[in-house]
Amino acid sequence: MYPLSTDSEFSFYLAEVLSLSNGGGASTGEVLRAAAAQIIPGDVESFHQEFKILADRMYLLATQTVLAGSGYGGSQEALYHSLGVAVLARGWNFAAHEGPGQPTVIRQSGAGFGAAPDRSEVVTPAVDYLLAWGGVDGGRLALAGLSFGGSLAPIAGAREHRLAWMLV
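The sequence shown runs 566 to 733 under the working numbering.
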């Protein structure tokens, strides 16, 4: 096995934490990037500090509502299966939206993709709806974008200032 630290004890603990990933107890990327890459071998305080930072971040994220959108022909149904299931498994809330050029909008109004190049025209009404619905903490609302939605989400986020996080 490839050691995750030159400190054998830290390497063991990091491997143990990573082994929990398959069961949803950890995120491989978060552990490797946020913790393992920052821990100073032999420095117990740095080990504690990096995992504390990660734990605090996860706590904040655990109280999220995530609003997600895809791009071009991506549907809300596909978005649920590709992202929503994982979001809900973390204990977060999940809502999906579609904009011009996406399946529901095409079926209901015939609006093609070019009808709303400013994605905030789609995201802002979705945020309005979620906040009016109740039970949504506006201070912890995240916007996620999948596929081309990952390019559209930051455009919307630049104009919709009630979003606390971007997941792209």
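A virtual CB, placed ideally from N, CA and C, is assigned to each residue, including glycine. Just so you know, these numbers come straight off a predicted model, no measurement behind them.
Check: Residue from 595, 692, 674 and 717 whose Cα sits closest to the Cα of residue 727; Outcome: 692
Check: Cβ neighbour criterion (16 or more within 10 Å) applied to residue 633; Outcome: buried
Check: Cβ separation of residue 645 and residue 661, assumed to be a contact under 8 Å, to the nearest whole Å; Outcome: 6 Å
Check: Residue 722 in three-state terms, based on DSSP; Outcome: helix
Check: Beta carbon of residue 640 nearer than 7 Å to that of residue 711; Outcome: no
Check: Extent of the continuous alpha helix (DSSP H) run through residue 643; Outcome: 641–644
Check: Three-state secondary structure assigned by DSSP to residue 634; Outcome: strand
Check: Given residue 630 as reference, the closest of 582, 702 and 642 once Cα atoms are compared; Outcome: 702
Check: Distance, residue 606 Cα to residue 567 Cα; Outcome: 15 Å
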